[in-house]
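Just so you know, the sequence shown maps onto residues 18 to 896 in this note's numbering. Glycine is no exception: its CB is placed at the ideal position from the N, C-alpha and C atoms. Step one of this worksheet: look at the structure below.
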Amino acid sequence: MNIFDAQVICTVIEPERSKTCLHCKHAYIADLPTLQTCVHCKPAYIANLRTLWTWITIIPQGMASDFSESHESHESYDVPEFSVIPSSTFEKIGYQTILDETLRLVYTASGKEQIEQTRIETDGARIDHLLQLSGEWLRCVETNPSIPLRPLDDIYPILRSCTASGSLLPPADFLTIAEHAKVARLLLAYFERSDPPVSALARYTGRLQPLRNLEKEIASKIDENATVRDDASPELKKIRTRLNREESRLRSTMQRMMKRHRDAGRTSDEGITLRNGRMVIPVQAEFKRKIDGFVHDVSSSGQTVYIEPVEALPIHNAIRQLESEQKREIERILRLLTDTVRAFRPALTSNNDQLGILDAAHARAMMGRKLGGILPEHTEKGEIRLNQAKNPILMLREGSDQVVPLDLALSPIEKALIITGPNAGGKSVAMKTIGLLHLMMQSGYPVPVADGSVLSTLSGLFLDLGDEQSIESDLSTFSSRLEWMKQTLTSATPGALLLIDEAGAGTDPEEGGALFQAFIEEMIRRNCRVIATTHHGSLKVFAHDHPNVVNGAMEFDQAHLSPTYRFRKGVPGSSYAFEIAGRLKLPESLIKRARDLLGEQRDKMGELLLALEASIQESNRVRQEADRLKSKSDEEIERVRAGMEETERKRQAILRKAYTQADQIMKTANKRIEEAVEKIMKAGQMGEHGEAGDQQMIRDAREQIQQTKQIIRQKKAEMEVRTQAGIKAEDVSVGDWVSIGEEGLPGEILELRGNQVTILVNGIKIKSSLSKLKPAKKQKGKQASTSKKQANQTGLIDFQVSVRLDVRGKRGEEAIRELSGYLDRAIAAGLKSVEIIHGIGEGILMKLVREYLAGRKEVSRFESAPSDQGGAGKTIVWL
Numbered sequence: 018m019n020i021f022d023a024q025v026i027c028t029v030i031e032p033e034r035s036k037t038c039l040h041c042k043h044a045y046i047a048d049l050p051t052l053q054t055c056v057h058c059k060p061a062y063i064a065n066l067r068t069l070w071t072w073i074t075i076i077p078q079g080m081a082s083d084f085s086e087s088h089e090s091h092e093s094y095d096v097p098e099f100s101v102i103p104s105s106t107f108e109k110i111g112y113q114t115i116l117d118e119t120l121r122l123v124y125t126a127s128g129k130e131q132i133e134q135t136r137i138e139t140d141g142a143r144i145d146h147l148l149q150l151s152g153e154w155l156r157c158v159e160t161n162p163s164i165p166l167r168p169l170d171d172i173y174p175i176l177r178s179c180t181a182s183g184s185l186l187p188p189a190d191f192l193t194i195a196e197h198a199k200v201a202r203l204l205l206a207y208f209e210r211s212d213p214p215v216s217a218l219a220r221y222t223g224r225l226q227p228l229r230n231l232e233k234e235i236a237s238k239i240d241e242n243a244t245v246r247d248d249a250s251p252e253l254k255k256i257r258t259r260l261n262r263e264e265s266r267l268r269s270t271m272q273r274m275m276k277r278h279r280d281a282g283r284t285s286d287e288g289i290t291l292r293n294g295r296m297v298i299p300v301q302a303e304f305k306r307k308i309d310g311f312v313h314d315v316s317s318s319g320q321t322v323y324i325e326p327v328e329a330l331p332i333h334n335a336i337r338q339l340e341s342e343q344k345r346e347i348e349r350i351l352r353l354l355t356d357t358v359r360a361f362r363p364a365l366t367s368n369n370d371q372l373g374i375l376d377a378a379h380a381r382a383m384m385g386r387k388l389g390g391i392l393p394e395h396t397e398k399g400e401i402r403l404n405q406a407k408n409p410i411l412m413l414r415e416g417s418d419q420v421v422p423l424d425l426a427l428s429p430i431e432k433a434l435i436i437t438g439p440n441a442g443g444k445s446v447a448m449k450t451i452g453l454l455h456l457m458m459q460s461g462y463p464v465p466v467a468d469g470s471v472l473s474t475l476s477g478l479f480l481d482l483g484d485e486q487s488i489e490s491d492l493s494t495f496s497s498r499l500e501w502m503k504q505t506l507t508s509a510t511p512g513a514l515l516l517i518d519e520a521g522a523g524t525d526p527e528e529g530g531a532l533f534q535a536f537i538e539e540m541i542r543r544n545c546r547v548i549a550t551t552h553h554g555s556l557k558v559f560a561h562d563h564p565n566v567v568n569g570a571m572e573f574d575q576a577h578l579s580p581t582y583r584f585r586k587g588v589p590g591s592s593y594a595f596e597i598a599g600r601l602k603l604p605e606s607l608i609k610r611a612r613d614l615l616g617e618q619r620d621k622m623g624e625l626l627l628a629l630e631a632s633i634q635e636s637n638r639v640r641q642e643a644d645r646l647k648s649k650s651d652e653e654i655e656r657v658r659a660g661m662e663e664t665e666r667k668r669q670a671i672l673r674k675a676y677t678q679a680d681q682i683m684k685t686a687n688k689r690i691e692e693a694v695e696k697i698m699k700a701g702q703m704g705e706h707g708e709a710g711d712q713q714m715i716r717d718a719r720e721q722i723q724q725t726k727q728i729i730r731q732k733k734a735e736m737e738v739r740t741q742a743g744i745k746a747e748d749v750s751v752g753d754w755v756s757i758g759e760e761g762l763p764g765e766i767l768e769l770r771g772n773q774v775t776i777l778v779n780g781i782k783i784k785s786s787l788s789k790l791k792p793a794k795k796q797k798g799k800q801a802s803t804s805k806k807q808a809n810q811t812g813l814i815d816f817q818v819s820v821r822l823d824v825r826g827k828r829g830e831e832a833i834r835e836l837s838g839y840l841d842r843a844i845a846a847g848l849k850s851v852e853i854i855h856g857i858g859e860g861i862l863m864k865l866v867r868e869y870l871a872g873r874k875e876v877s878r879f880e881s882a883p884s885d886q887g888g889a890g891k892t893i894v895w896l
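Listed below in structure tokens is the structure:
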């Protein structure tokens, strides 16, 4: 089998790892094995020779077709590699630490290999797939944490060793194989029970093959101690029965001989022991000729001779014969079992591959969970938005509570960010956090950010920390930075992220600043993104003037002269060199001299930055206070709203109870009157027809009771209609009559679309939702026809409604109730705009009014009145 056969087989087994050579268009494998160049064009450098030869050994030429039947076919995809300069970037930014921590969470050797060979994906669909895998694992862990993953030994060496016909595996290897088969079966069952079902993970769980027959076959031959079972075959059971009997006879014989010679004073104190695999008795040298037997050994002192008595020789020989028979039978059993495993080898290999993928995905998800991570929104549009982001390395080292979160947003057109501020203020950490979170996202990790965070696909990461000086290579810090620039200019592609720490350092400040400015401009032209930290004022000015570059600063507490580690976008920061020097008790005269040397103009710029930062901090303080007051106001409004709802519920309950009681009272009164009339009639006090006046009085009483009962029933019916939860679409049609608003204004349905309806109220068309309507009786012909005629007229008002409503001094629920009825009347009257006077006060009534207006579909817009007409104390509403 040649290397090209191995490539074809690997492409069949793991098609998502195959790539197409840009030069000769042949397929080659990117990860398994890791080929650095196409073998058709150039000699291949195999980075993982072990993996390549695993596949070559396990899958002989011609077996690929068998494998292709059990694997989902995929087309190979051609995706650019993720570029990294320098090669130590992963270690310096902390990504290698994340991988190392993830390795602690894997269970399988193939999962470990997956993590070790993790690649940073640049294909958006592949990134989304990896993130979906993590998301589904997180959901599974939350809903059913009993995941049947467990530590598994590497199965590939075992499968290699059983390739040839007639090969034989040791018993322990069968236990490893059985455990692999069991985990695959349990994992498949776990996901079949998953609720809700998984989709991304199903791509791999669907390839798992339950090998219950293989498990049973191994269990019937090998016990949990990796020993061939007595009942593995009838012949073995028979041999072991005889062997046990002979061993028992040997022990009895040796104990009897030992007792006899001990009593005769011929043995030492050791007791029965073993020599050359046979039981012997220790005899004093001077008595060795007194005992018939075979001498197997002599002690180092020559004082003791180890003799196998002649009586034990035939028993020992019989045991040796039985042990040989046992060995042959065990080898026969193991060889047959090895043949069975060989037959299942393709399924075992496939299962192991899928377990590795699932295990690696699970480990990434659990690593993200350990960091409190979530799945960020992934975009290809170049946007970065980090909400409450934390540096994962600091979280692992210091604990999550000790890490100050980062809030940062860059739009697609903001191609470069210049971060300034004092030393040890968090500039480098913020920069590294951005890079590290992107690397984690592009390899499928949940990342420690809050909801609403957005990360974009990077084509590469180019890191310059200014620490690549080398005595061996005769490179200074600045020379190494120039070498990094050269490599970056050669390799960076659109979408790459450049992280530069202390840009412009290492040489003359003016020249260094100018060089880095030119470099950043070139990277922007190439559609790359640059995040750089610096102390250079020229780069701050550059960020201020360039339309695609923004300033940013790490906040500094001027009162305590200490960093807060919070990022602020849009303003440059001061280095606070003189302030920190003063705090550290450097001589004041020295600091004054330094200020003089700096120059008056430069010093004023620093003072301006300090004043600006102080102003921003004060603004933030005021904003926080405003947020606190708003929160308090919202709580008060919510309390009032809840009180209004509770009051309305109580009012309805009281009315319902009152009407029920009134109805009962009228029934009782009616019953008593009827009883009284009946008694009078029976007593003969009122003849057959009675006095005309008495008869009329009785009729009047009965009629009054009936009228009162009718009123009560009508009021109850009206109350029940008002408490109904709107109308359902299937219960009404065009032409039906409904009522709207607290006043219950009647109208006819003109148009019905889903849950939205157009009704005609007093000649005015009103659009509303069905939930705000109640059933109503059809109006009489004259009123209905009048409304229809008015529908085509404008400015016709059925009744007078004021254009102004004053709710000042009213409680929240009372004001809203009055406003609701007023708006119903104003809409029905055809008013185009109205004024609501609510005053200012603490703003609670104003907010309630405007919240209510915002919820009314009939309100097109509203705003505060001009300052000379009431200002914020009055709201003008357009209907």
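By DSSP's criteria, M571 is part of a beta bridge. Which residues make up the other side? What you label residue 571 is simply residue 554 of the sequence shown in a count that begins at 1. Answer is F584.
With a floor of 4 residues, list each alpha helix (DSSP H) that falls wholly inside the segment 405-436, ordered by position along the chain. 409-415
Going straight from the alpha carbon of Q226 to that of S104, what length do you get? Position 209 of the sequence shown, counted from the start, is the residue given in the question as residue 226. Position 87 of the sequence shown, counted from the start, is the residue given in the question as residue 104. Those two C-alpha atoms are separated by around 40 Å.
Taking DSSP as the reference, what is the three-state secondary structure of T284? The count along the sequence shown starts at 1 and reaches residue 284 at position 267. Looking at T284 - three-state DSSP - the assignment turns out to be strand.
If you follow the alpha helix (DSSP H) that K864 is in, where does it begin and where does it stop? Taking the sequence shown and counting its residues from 1, the one referred to as residue 864 is at position 847. That run of the alpha helix (DSSP H) goes I861 to G872.
Do you know whose CA, among L116, E153 and E768, lies nearest I137's CA? On the sequence shown, position 120 is the one that residue 137 refers to. Among L116, E153 and E768, the Cα nearest to that of I137 belongs to L116.
Give the secondary structure of Y323 by DSSP, where H, G and I count as helix, E and B as strand, and everything else as coil. The sequence position of residue 323 within the sequence shown is 306, counting from 1. Y323: strand per DSSP, three-state reduction.
Need the endpoints of the alpha helix (DSSP H) that G310 sits in, please. Sequence index remark: in the sequence shown, residue 310 carries index 293 (1-based). First-last for G310: G310 to V315, but that is the beta strand (DSSP E), not the alpha helix (DSSP H).
Spatially closest choice to G764 from K602, N772, S788 and I783, by CA coordinates: The sequence position of residue 764 within the sequence shown is 747, counting from 1. G764 has its Cα closest to that of I783, out of K602, N772, S788 and I783.
Going by C-alpha distance, which of G826, W501 and R414 is nearest H855? Translated into positions along the sequence shown, residue 855 becomes position 838. Among G826, W501 and R414, the Cα nearest to that of H855 belongs to G826.
Assuming I172 contacts L353 (C-beta within less than 8 Å), just tell me the rounded distance between them. Counting from one through the sequence shown, the residue named residue 172 turns up at place 155. Counting from one through the sequence shown, the residue named residue 353 turns up at place 336. Between L353 and I172 the Cβ distance is about 20 Å, and since that is not below 8 Å, they are no contact.
Which residues bound the beta strand (DSSP E) around V778? The residue labelled residue 778 in the question sits at position 761 within the sequence shown. Taken as a continuous stretch (DSSP letters only), the beta strand (DSSP E) holding V778 covers Q773 to V778.
When you compare only the Cα positions, how much space is there between E328 and Q320? The residue given as residue 328 occupies position 311 in the sequence shown. The residue given as residue 320 occupies position 303 in the sequence shown. Approximately 24 Å, taken between the alpha carbons.
How far does the alpha helix (DSSP H) with D562 in it extend, from its first residue to its last? Position 545 of the sequence shown, counting from 1, holds the residue named residue 562. Per DSSP, D562 belongs to the alpha helix (DSSP H) from G554 to D562.
Pick from R666, S786 and Q272: whose alpha carbon is nearest that of M296? Sequence index remark: in the sequence shown, residue 296 carries index 279 (1-based). Residue Q272 is the option with its Cα nearest to M296.
Which two residues bound the contiguous alpha helix (DSSP H) that contains T396? Your numbering for residue 396 matches position 379 in the sequence shown. Per DSSP, T396 lies in no alpha helix (DSSP H) segment; the continuous beta strand (DSSP E) that holds it begins and ends at E394 to T396.
Would you kindly report the start and end of the unbroken alpha helix (DSSP H) that includes P331? Residue 331 sits at position 314 when you count from the first residue of the sequence shown. Unbroken alpha helix (DSSP H) run through P331: L330 to A360.
Per DSSP, what kind of secondary structure is K233 in: helix, strand or coil? Along the sequence shown, read from residue 1 onward, the residue named residue 233 stands at position 216. Helix at K233.
S104 by DSSP, collapsed to three states: which one? Taking the sequence shown and counting its residues from 1, the one referred to as residue 104 is at position 87. In the structure shown, S104 sits in coil (DSSP, three-state: anything other than H, G, I, E or B).
Taking 9 Å as the cut-off, decide whether the C-beta atoms of I308 and H278 are in contact. Residue mapping note: residue 308 aligns to position 291 of the sequence shown, counting from 1. Residue mapping note: residue 278 aligns to position 261 of the sequence shown, counting from 1. Between I308 and H278, the C-beta gap is smaller than 9 Å, which places the two residues in contact.
Per-residue DSSP class, three states only, for D248: Within the sequence shown, residue 248 is the residue found at index 231, counting from 1. In the structure shown, D248 sits in a helix (DSSP, three-state: H, G or I).
Beta-carbon gap between I436 and K449 smaller than 9 Å: Counting from 1 along the sequence shown, the entry for residue 436 is found at position 419. Counting from 1 along the sequence shown, the entry for residue 449 is found at position 432. Against a cut-off of 9 Å, the Cβ pair of K449 and I436 comes out as no contact.
Note down, in chain order, each residue of its chain lying with its Cβ closer than 7 Å to the Cβ of T74, except the 5 sequence neighbours on either side. Position 57 of the sequence shown, counted from the first residue, corresponds to residue 74. With a pLDDT of 35 at T74, under the threshold of 50, the modelled position of this residue cannot be trusted; read the value that follows with caution. The residues are R177 and T180.
Which residues share a DSSP beta bridge with F479? Position 462 of the sequence shown holds residue 479. DSSP output for F479 lists I102 and L515 as bridge partner(s).
Consider the Cβ of R543: report whether some Cβ of chain C lies at a distance smaller than 9 Å. Looking for chain C here will not work: only one protein chain is present.
Between I833 and the rest of its own chain, which residues show a CB-CB distance below 8 Å, the 5 nearest in sequence each way excluded? The residue you call residue 833 lines up with position 816 of the sequence shown. Excluding five sequence positions before and after I833, the CB atoms of its chain that fall closer than 8 Å to its own CB belong to M661, L865, V866 and Y869, given in chain order.
By alpha-carbon positions, which one of G599, R878, S884 and K407 ends up nearest to W895? What you label residue 895 is simply residue 878 of the sequence shown in a count that begins at 1. Minimum Cα distance to W895 is reached at R878.
Check each candidate in S750, S756 and I757 and name the one with the smallest Cα separation from L767. Residue mapping note: residue 767 aligns to position 750 of the sequence shown, counting from 1. In this structure, S750 is the residue among S750, S756 and I757 with its C-alpha nearest to the C-alpha of L767.
Considering only C-alpha positions, which residue in the set E572, V547, I374 and I175 is nearest to P187? For this step, residue 187 is matched to residue 170 along the sequence shown. With distances taken between Cα atoms, P187 lies closest to I175.
Can you have a look at D614 and say buried or exposed, based on whether 16 or more other CB atoms are within 10 angstroms of its CB? Taking the sequence shown and counting its residues from 1, one reaches residue 614 at position 597. As written in the sequence, residue 614 is Leu, which differs from the Asp given in the question. Exposed, because fewer than 16 other Cβ atoms sit within 10 Å of the Cβ of L614.
8 Å CB neighbourhood of L260 in its chain, flanking five on each side removed: Counting from one through the sequence shown, the residue named residue 260 turns up at place 243. Within the same chain, L260 has close Cβ partners I336, L339, E340 and Q343.
Specify the secondary structure class of T139 as computed by DSSP and reduced to three states. Locating residue 139 in the sequence shown gives position 122, counting from the first residue. Residue state, collapsed to three classes: coil.
Please name the residue or residues paired with M296 in a DSSP beta bridge. Taking the sequence shown and counting its residues from 1, one reaches residue 296 at position 279. According to DSSP, which records beta bridges pairwise, M296 is partnered with L291.
Which residue's Cα is closest to the Cα of R362: T160, A871 and S182? As a working note, residue 362 is residue 345 in the sequence shown. Among T160, A871 and S182, the Cα nearest to that of R362 is on S182.
Secondary structure at G469, three-state DSSP: helix, strand or coil? Residue mapping note: residue 469 aligns to position 452 of the sequence shown, counting from 1. Secondary structure at G469: coil, using DSSP grouped into helix, strand and coil.
Based on Cα-Cα distance, which residue from K794, V778, K874 and A195 lies nearest to S785? In the sequence shown, counting from the first residue as 1, residue 785 sits at position 768. Of the listed residues, the one whose Cα sits closest to S785 is K874.
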